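**Q** One structure coming up, written as structure tokens, with questions to follow.
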Amino acid sequence: MTTSVLLVDDHELIRHGLAGAFTRDESFTVAGQAGTIADGLALATSTQPDVLVVDLQLPDGSGLDLVRALRKERKDVGLVVLTMYAGDEQIFAAMDAGASAFVGKDAPSTEVVAAARHAAVAPLSFTCAGLPEAMMRRMSSSSPRLSDRERQVLDLLADGLGVAAIAAKLYISESTAKTHIAKVYEKLGAANRAQALVAAMRAGLIDTSSPPR
1 MTTSVLLVDD HELIRHGLAG AFTRDESFTV AGQAGTIADG LALATSTQPD VLVVDLQLPD
61 GSGLDLVRAL RKERKDVGLV VLTMYAGDEQ IFAAMDAGAS AFVGKDAPST EVVAAARHAA
121 VAPLSFTCAG LPEAMMRRMS SSSPRLSDRE RQVLDLLADG LGVAAIAAKL YISESTAKTH
181 IAKVYEKLGA ANRAQALVAA MRAGLIDTSS PPR
């Protein structure tokens, strides 16, 4: 059995180039080609392809509109988003829309074929070469913002120091130390030292090689 693929891109040269790449692979057949969301949706309805390769930017809207519409209708269809603009926002938008894969147009055609193969086998599992780095950037940008003093308090908490010891180490009153600790707990969404240290490790605020005490 071969996997049928529908190509939706408003650039004819790109469509034909991809069609050639898929035709050369004996495991695929090209079900059709379209240059707009409307034509792509009509062809997808009439041909019922296993996989669609959809450009992000189309004359009548975003390719993600097509992805959302098809994902709503079919859970088993593979949806590969192809784009010239492979930024973090586009990656997460494609994932949220229900895409199976995300590939930049600067990638070799073999990568697009590989993404389509993944999409056919695991349509609800998202893959993208830049996803791990994008996830790290998202996690980093959402990390709690601690002041320099709060970072010092967090480090001392990780070292196992209590309120009195932290106050002595930083030359502040115990009352001030308690205030800083409470603020650290609040920003980390923690109720106690153990929860705060675990949250801080997950956010990359302290060395994960040193387990919380």
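Residue numbering for the sequence shown follows full-length UniProt numbering, starting at 1 and increasing by one per position.
Where a beta carbon is used, it is the ideal one built from N, C-alpha and C, also for glycine.
Predicted, not measured: the structure shown is a model, and the values here were computed from it.
#1: Applying the criterion that 16 or more other CB atoms from any shown protein chain within 10 Å of the CB defines a buried residue, is Thr83 buried or exposed?
#2: Give me whichever residues DSSP pairs with Leu6 in a beta bridge.
#3: Using the Cα positions of Val198 and Val184, report the straight-line distance between them to the nearest angstrom.
#4: From Thr127 to Lys105, what does the alpha carbon distance come to, in whole angstroms?
#5: In this structure, how does DSSP classify Val112 when only helix, strand and coil are distinguished?
#6: Does DSSP put residue 214 in a helix, a strand or coil?
#7: Starting from Gly104, follow the beta strand (DSSP E) in both directions and report where the run begins and ends.
#8: May I ask you to verify whether the region 42 to 57 touches the region 8 to 22, counting CB pairs closer than 8 Å and requiring at least 3?
#9: From the DSSP output, in three-state form, read off Gly17 for me.
#10: Examine chain C for any beta-carbon lying closer than 7 Å to the beta-carbon of Asp155, and answer yes or no.
#11: Measure how close the beta-carbons of residue 267 and Leu66 come, nearest whole angstrom, since I'm counting them as under 8 Å.
#12: The alpha helix (DSSP H) with Tyr185 in it runs from where to where?
#13: Please confirm if the region 164 to 180 is in contact with the region 188 to 205, defined as three or more CB-CB distances below 8 Å between the two stretches.
**A** Answer, in terms of the structure:
#1: Around the CB of Thr83, 16 or more other CB atoms lie within 10 Å, so the residue is classed as buried.
#2: Bridge partners of Leu6: Gly32 and Leu52.
#3: Rounded to whole angstroms, Val198 to Val184 spans 13 Å at the Cα level.
#4: Thr127 and Lys105 have their C-alpha atoms some 15 Å from each other.
#5: DSSP places Val112 in helix when its eight states are reduced to three.
#6: Outside the displayed range of the chain (1 to 213) lies residue 214, so it cannot be described from this structure.
#7: Start and end: Ala101 to Gly104.
#8: Yes: at least three Cβ pairs fall under 8 Å.
#9: DSSP, reduced to helix, strand and coil, places Gly17 within a helical segment of the structure shown.
#10: The chain labelled as chain C is not found in the depicted structure, where only one protein chain is given.
#11: In this structure the chain extends from 1 to 213, so residue 267 is not present and cannot be described.
#12: Looking at the DSSP string, the run of the alpha helix (DSSP H) that includes Tyr185 is Glu174 to Leu188.
#13: For the pair of segments examined, the region 164 to 180 was found not to touch the region 188 to 205: the number of CB pairs separated by less than 8 Å stays below three.
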